[in-house]
Amino acid sequence: GQQVMQIPQYQHVQEGEDFTTYCNSSTTLSNIQWYKQRPGGHPVFLIQLVKSGEVKKQKRLTFQFGEAKKNSSLHITATQTTDVGTYFCAGSGNSNYQLIWGAGTKLIIKP
Amino acid sequence: DAGVTQSPTHLIKTRGQQVTLRCSPKSGHDTVSWYQQALGQGPQFIFQYYEEEERQRGNFPDRFSGHQFPNYSSELNVNALLLGDSALYLCASSLEGWRLADYEQYFGPGTRLTVT
Numbered sequence: 008g009q010q011v012m013q014i015p016q017y018q019h020v021q022e023g024e025d026f027t028t029y030c031n032s033s034t035t036l037s038n039i040q041w042y043k044q045r046p047g048g049h050p051v052f053l054i055q056l057v058k059s060g061e062v063k064k065q066k067r068l069t070f071q072f073g074e075a076k077k078n079s080s081l082h083i084t085a086t087q088t089t090d091v092g093t094y095f096c097a098g099s100g101n102s103n104y105q106l107i108w109g110a111g112t113k114l115i116i117k118p
Numbered sequence: 004d005a006g007v008t009q010s011p012t013h014l015i016k017t018r019g020q021q022v023t024l025r026c027s028p029k030s031g032h033d034t035v036s037w038y039q040q041a042l043g044q045g046p047q048f049i050f051q052y053y054e055e056e057e058r059q060r061g062n063f064p065d066r067f068s069g070h071q072f073p074n075y076s077s078e079l080n081v082n083a084l085l086l087g088d089s090a091l092y093l094c095a096s097s098l099e100g101w102r103l104a105d106y107e108q109y110f111g112p113g114t115r116l117t118v119t
């Protein structure tokens, strides 16, 4: 079945450093969504990408959808303490209308 | 505008028991999905309800069942609880659509279920 792999599992950064998480699917995706979950909280929708090669920005966050629509990335520039949390990608295949979630990348800011 | 609400917040049950979790969707939403999130994992899709019917189902056994009421609220029932059912159960609502990926989902705070 369709699988969505997300790497890395954890990333420790100093405040002010950049952060990137990658999402890879075993099959072509119709679209992909990104969510953020703060510690002890629930997932909160960030963005949805639909088009091949699409790039979207939200302030310090940049989201990309691969040309083959099998991978995606989230890049955060100059991390801040408010960025702490786990970032999930969730994709849907062309014939399967369920969202398959990655295991998430936990962003940890080093003191 | 009320967001997604879930009850109870926490629950402790014994193996073999049955549990019912409740969810009220965000105002204006008529589609409810349920997820199980084990510690350190991403949410796993259980099933989705729209127009009071189960529209899609993930890879979960029949012990997991649900219901949607005319006011769009929903219940998740789990029978014959196992230790492995211990998890955070999340309810998410969205606009009408059986293609979950078409719309952003609004999650509730979750119910933390512990099975002992």
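Chains as they are written, first to last, in the working numbering: chain S, 8 to 118; chain U, 4 to 119.
Ideal Cβ positions, reconstructed from N, Cα and C, are used throughout, including at glycine.
Quick caveat: nothing in here was measured; it's all calculated off a predicted structure.
Proximal residues of chain S, C-beta to C-beta of residue i below 9 Å
i	result
Pro-112 of chain U	Gly-48 and His-49
Gln-108 of chain U	Gln-40, Tyr-42, Pro-50, Phe-52, Ala-97 and Leu-106
Buried versus exposed call for residue i [16 or more other C-beta atoms within 10 Å across all chains shown]
i	result
Thr-34 of chain U	buried
Phe-72 of chain U	exposed
Ile-39 of chain S	buried
Tyr-17 of chain S	exposed
Ser-30 of chain U	exposed
Pro-64 of chain U	exposed
Val-2 of chain U	Residue 2 of chain U lies beyond the residue range present for chain U, which begins at 4 and ends at 119; the question has no answer from this structure.
Thr-88 of chain S	exposed
Lys-76 of chain S	buried
Thr-119 of chain U	exposed
Ala-95 of chain U	buried
Val-62 of chain S	exposed
Thr-117 of chain U	exposed
Gly-47 of chain S	exposed
Identity of the residues DSSP links to residue i by a beta bridge
i	result
Leu-1 of chain U	Residue 1 of chain U is absent from the model: chain U starts at 4 and stops at 119.
Tyr-106 of chain U	Tyr-106 of chain U is not bridged to any residue.
First and last residue of the uninterrupted beta strand (DSSP E) at residue i
i	result
Ser-10 of chain U	8-10
Glu-56 of chain U	56-60
Gln-21 of chain S	17-21
Lys-63 of chain S	62-65
Phe-48 of chain U	47-53
Arg-115 of chain U	114-118
Gly-111 of chain S	Premise fails: Gly-111 of chain S is in no beta strand (DSSP E) and is neither H nor E.
Lys-16 of chain U	13-16
Ala-41 of chain U	Ala-41 of chain U -> no beta strand (DSSP E), and no H or E assigned at all.
Interface partners of residue i on chain U, CB under 7 Å
i	result
Gln-10 of chain S	Those do not exist, as Gln-10 of chain S stays about 11 Å from chain U at its closest Cβ, beyond 7 Å.
Phe-26 of chain S	The premise fails here: Phe-26 of chain S is roughly 18 Å from chain U at the closest Cβ pair, so nothing lies under 7 Å.
Gln-121 of chain S	Because chain S here runs from 8 to 118, residue 121 of chain S falls outside it and cannot be looked at.
Gln-55 of chain S	Glu-107
Within chain S, partners of residue i - CB distance below 7 Å
i	result
Gln-71 of chain U	Those do not exist, as Gln-71 of chain U stays about 17 Å from chain S at its closest Cβ, beyond 7 Å.
Within chain U, partners of residue i - CB distance below 9 Å
i	result
Ala-110 of chain S	Gly-43, Gln-44 and Gly-45
Phe-95 of chain S	Gly-45 and Pro-46
Residue i versus residue j: straight-line alpha-carbon distance, rounded
i	j	result
Ile-15 of chain U	Gln-39 of chain U	16 Å
Asn-78 of chain S	Gly-45 of chain U	17 Å
Ser-59 of chain S	Arg-45 of chain S	29 Å
Lys-43 of chain S	Val-51 of chain S	5 Å
Thr-35 of chain S	Tyr-75 of chain U	33 Å
Ala-97 of chain S	Glu-54 of chain U	24 Å
Tyr-94 of chain S	Gly-87 of chain U	24 Å
Trp-108 of chain S	Ser-99 of chain S	9 Å
Asn-62 of chain U	Val-91 of chain S	31 Å
Beta-carbon neighbours of residue i, restricted to chain S and to distances below 8 Å
i	result
Glu-56 of chain U	Under the 8 Å cutoff, chain S gives no residues; its nearest Cβ is about 15 Å from Glu-56 of chain U.
Leu-93 of chain U	His-49 and Pro-50
Gly-61 of chain U	Gln-105
Contacts of residue i in chain U (Cβ-Cβ under 8 Å)
i	result
Gln-71 of chain S	What Gln-71 of chain S touches in chain U: nothing, since even the nearest Cβ is about 18 Å away.
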